[in-house]
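Student: Protein sequences, first through last, are from chains A and B. Using our numbering, read the first sequence as starting at 1 and increasing by one per residue. Using our numbering, read the second sequence as starting at 1001 and increasing by one per residue. We put the beta carbon where it would ideally sit given N, CA and C, even for glycine.
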Amino acid sequence: MNTREPEKNVLQNGAEPAAGRSTVPIWQIIVFALLFYWSALFVTEMAGSFSKDVYNPYHSYDEVASANPQDPGAKLRAEGRRIFETTCAACHQPTGAGKEGTAPPLAGSEWVLAPGGDRIARIALNGLAGPIRVKGQEWNLTMPPWRDNFSDGQIAAVLTYIRSQWDNKAGPIKPELVKAARAEARAGYETSDELLKIPAQ
Amino acid sequence: MNRGPLLFLGLFAAMACSWTGFVLGPQLQLGGLIQTNTVAVGDALSQTYPLAQPGQAHAGAEVYRANGCAACHTQMVRPVDLGSDIRRGWGIRRSLAEDYLFQQPVMPGSQRIGPDLANFGRRSDFRGILLRLYDPRLIMGGSLMPPYRFLFETRKIGLFPSADALVLPAKDAPPPGREVVPLPEARALAAYLLSLRQDGYLFEAPPPMPETNAVPAAVK
């Protein structure tokens, strides 16, 4: 008769199982180290430095930024267009053609296209009252002042917009010019006669 | 079980790691996501994106959810180099987190038994969607999609035919004197499908630039 030795690891007399210790094989450590190394490389490569703005196929924020349109003027033009369409177009019309009894035209207007831009900066800031001659036609209306509604940059943007839109081809207006015009402005509306004293440059 | 506390700590650490990675991390990164502006292309104005769903579409999302549409349709356009989605015309750019800002719950789906619907509103129309729901094979022969005729009602024509009665070919046509009209659920679902459009270029997925030989600034 064989008497069987009690096997190891089999519960004896209802004793609790106990965890022992044993050495981790060296190959396992190496495999896990390699796996960890590879996964770290993978995450670094694919996660765009964990930026929420970086999606495949880009790998870094700079790469995304350089893939975006780089035209610095585009933002300014868009701002000018937004202001024109929400504020100016109501009277001067989206086409810039003006409207009888409402506002003189901007498209092709010698006031808009004047090289300096000092005069239209003042009109936009202080408004304009009384008779004014635009494209050979006499207008006698009142334009409200916008000095308190828009910053220098915004007025420069919208002036630049009307000077480059439609068939107008005049240079941009810088915010510094609007700032200067704002500084020397007096109270009340501009008038045609006053404006004509400013050199057109 | 002589190491109960250790076992508990190990399990806790494992759960905490995955919770941090899958819940906390994304929440910290994307939890504050708000409406943004699209990247203006050319002289076009940039637009607010994404726009909230119209009310009818919001109701339709529940119909979409209730009928298990997401079991066969995804709403996720993969980037150019990870699939043919964009070449197939399923979108103009890859899907981004912003696209799902107003979807509650988000139903991106996981299987493409049917086509991707992320931009279905861009390539479909109200009547076409209703016809597809009534009989998918009218529009595309061989379609595997089941007909959803319970979203429609066949009823007696009143004094005049209804304006929104489906125009069906002979094989599907209702008996003379009757017409097939969409129920409110079908209209809501169609409105939801029409609202699906991921068509704003955003900073994260800018419009493709014209081909050039110049070295990008980031590479220099």
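What does DSSP give as the partner residue(s) for Y134(A) in the beta ladder?
Tutor: Sequence check: residue 134(A) is Val here, not Tyr. V134(A) is bridged by DSSP to Q137(A).
Student: From this set, L1196(B), D1099(B) and V1041(B), which residue's C-alpha is nearest Q1056(B)'s C-alpha?
Tutor: L1196(B)
Student: Checking contacts by CB at 9 Å: is D1081(B) closer than that to chain A?
Tutor: yes
Student: Given that F1203(B) touches chain A, what residues does it touch there, using C-beta distances under 9 Å?
Tutor: D53, V64, A65 and N68
Student: Output the residue ranges of the alpha helix (DSSP H) runs that lie fully inside the stretch 1137 to 1198 of chain B and measure 4 residues or longer, sorted by chain position.
Tutor: Counting whole runs of 4 or more residues, the stretch 1137 to 1198 of chain B contains the alpha helix (DSSP H) stretches 1184 to 1194.
Student: What does the alpha-carbon distance come out to for the pair L177(A) and R119(A)?
Tutor: 10 Å
Student: Per DSSP, which one or two residues make a beta bridge with Y1049(B)?
Tutor: T1036(B)
Student: Mind checking if R186(A) is an interface residue toward chain B, Cβ cutoff 9 Å exclusive?
Tutor: no
Student: Compare the Cα-Cα distances from N149(A) to each of D71(A), N56(A) and C88(A) and report the closest residue.
Tutor: Per the Cα distances, C88(A).
Student: Mind the definition here: the stretch 27 to 47 of chain A touches the stretch 1179 to 1191 of chain B only if three or more C-beta pairs lie below 8 Å; say whether that holds.
Tutor: no
Student: By the 7 Å beta-carbon criterion, what residues does the stretch 1025 to 1036 of chain B contribute toward chain A?
Tutor: Q1029 and L1030
Student: Check each residue of the stretch 1158 to 1190 of chain B: if its Cβ is closer than 7 Å to any Cβ of chain A, include it; give the result in chain order.
Tutor: none
Student: Strictly under 9 Å for the Cβ-Cβ distance: is S1084(B) near chain A by that measure?
Tutor: Judged by the 9 Å Cβ criterion, S1084(B) is not in contact with chain A.
Student: So for A103(A), helix, strand or coil by DSSP?
Tutor: Here DSSP, grouped into helix, strand and coil, assigns A103(A) to strand.
Student: Measure from the alpha carbon of D52(A) to the alpha carbon of each residue in L1028(B), E1153(B), L1133(B) and L1006(B), then state which is nearest.
Tutor: According to the sequence shown, residue 52(A) is Lys rather than Asp. Among L1028(B), E1153(B), L1133(B) and L1006(B), the Cα nearest to that of K52(A) belongs to L1028(B).
Student: Am I right that H1073(B) and G1114(B) are in contact with their C-beta atoms under 8 Å? What's the rounded C-beta distance?
Tutor: For a cut-off of 8 Å, the C-beta gap from H1073(B) to G1114(B) is around 5 Å, short enough to register as a contact.
Student: Taking the alpha-carbon of A124(A) as reference, which of A97(A), T95(A), D62(A) and I162(A) has the nearest alpha-carbon?
Tutor: I162(A)
Student: Return the CA-CA distance between Q154(A) and L1138(B), expressed in angstroms with no decimal places.
Tutor: 55 Å
Student: On the three-state DSSP scale, how would you describe E16(A)?
Tutor: coil
Student: Determine contact between the stretch 158 to 173 of chain A and the stretch 88 to 104 of chain A, defined as no fewer than three beta-carbon pairs at a distance below 8 Å.
Tutor: yes
Student: Would you report the Cα separation of P17(A) and T23(A), rounded to the nearest angstrom?
Tutor: 19 Å
Student: In whole angstroms, what is the alpha-carbon distance linking V1063(B) and G1177(B)?
Tutor: 30 Å
Student: At the level of alpha carbons, what is the spacing between P1207(B) and K1156(B)?
Tutor: 52 Å
Student: So if DSSP puts L128(A) in a beta bridge, which residue, or which two residues, is it bridged to?
Tutor: M143(A) and E190(A)
Student: For L1202(B), name the three-state secondary structure that DSSP assigns.
Tutor: strand
Student: What is the DSSP secondary structure of F150(A), counted as helix, strand or coil?
Tutor: coil
Student: Can you confirm whether N1239(B), when its beta carbon is compared against all beta carbons of chain A, has any partner nearer than 9 Å?
Tutor: Residue numbering for chain B in the displayed model covers 1001 to 1220; residue 1239(B) lies beyond these limits and cannot be assessed.
Student: Who are the neighbours of P57(A) on chain B, taking C-beta pairs under 8 Å?
Tutor: Close to P57(A), with beta-carbon spacing below 8 Å, are these residues of chain B in chain order: P1079, V1080 and D1081.
Student: Between the beta-carbon of E1098(B) and the beta-carbon of V54(A), is there less than 9 Å?
Tutor: no
Student: Using the Cβ count rule (16 or more neighbours within 10 Å means buried), how would you classify S192(A)?
Tutor: With 16 or more other Cβ atoms inside 10 Å of its own Cβ, S192(A) counts as buried.
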